[in-house]
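Reading through the structure tokens given below for one structure.
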Amino acid sequence: SLTGAETTHLIVEPCWTQAVLWDPVSLTCQGSGTAGAATWYKDGQRWVEEGPNHFIVFESGTYRCEKPGSGLSSSVRVLNGECGMGIGLVLQVSAWALVEGDTVTLCCRAMQDMSGSRVRFYQDGKDLGSPLRGTELSLSPLQLNHSGRYHCEAMMSFGLSQSAPVTVTSPSPAGSGSPSPPAFPSQSSSRCGY
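Residue numbers (UniProt numbering): 1 to 194.
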């Protein structure tokens with residue numbers, strides 16, 4: 001059934017909040033109830049009954065899984081990375097559950113090579129600037145002032161492209177301190193997969 005307490009977890013690798021089919025995307029269904037096969041749902045419809053607990057995704061869509069005795073997982077959306085002219089820009093965030101003090105990486109990616117592209121990041125419409133090289137922005141340590149809607153822009157071969165916004169919600173502050181602005185990491189510490 002599609003009701004019940006959520007004790008089933010859908011694990012996505014790589015662990016970006018927006019999984020894109022440019023990477024091999026795998027889904028694993030873990031439940032705290034009885035052992036058994038998983039039932040998978042895609043785009044709100046029952047997709048695979050009594051299927052494997054782990055598989056590689058080859059189609060975009062919204063996925064959920066259910067384990068016997070532990071209920072239905074939350075949903076995970078897998079994008080195909082295409083929009084407009086077939087070349088989309090996607091802003092990915094490196095973590096699902098954010099804890100104060102974490103380092104969170106925002107990665108601006110496209111299906112085409114971005115090595116010569118100038119990327120700019122925005123928080124709630126405010127221009128945060130551009131990394132000297134690369135396509136990522138680091139929020140470290142994660143603080144309340146980092147909450148907001150982020151997007152990135154890049155000049156691509158066909159013109160200016162903009163990602164859909166991604167919301168970052170920072171946890172409530174545990175203590176006081178001076179806010180730390182977003183930072184652009186050195187190229188050697190890149191997590192973006194380039």
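All residues carry an ideal CB built from backbone N, CA and C; glycine is no exception.
Keep in mind the model is a prediction, meaning the values are calculated, not measured.
Query	Result
Distance, Cα to Cα, Ser117 vs Ser70?	46 Å
Ignore the nearest five residues each way along the sequence and tell me which others in Cys108's own chain have a CB closer than 6 Å to its CB.	Leu91, Val119, Thr135 and Cys152
With distances taken between CB atoms, is the gap from Arg77 to Ala19 smaller than 9 Å?	yes
Would you identify the three-state DSSP class for Leu21, choosing helix, strand or coil?	coil
Specify the secondary structure class of Leu106 as computed by DSSP and reduced to three states.	strand
What number of angstroms, rounded off, separates the C-alpha of Val99 from the C-alpha of Ile11?	18 Å
From Gln30 to Thr7, what does the alpha carbon distance come to, in whole angstroms?	8 Å
Could you give the DSSP three-state label for Leu142: helix, strand or coil?	coil
Going by CA-CA distance only, name the one from Thr103, Leu89, Leu21 and His54 that's closest to Gly61.	Leu21
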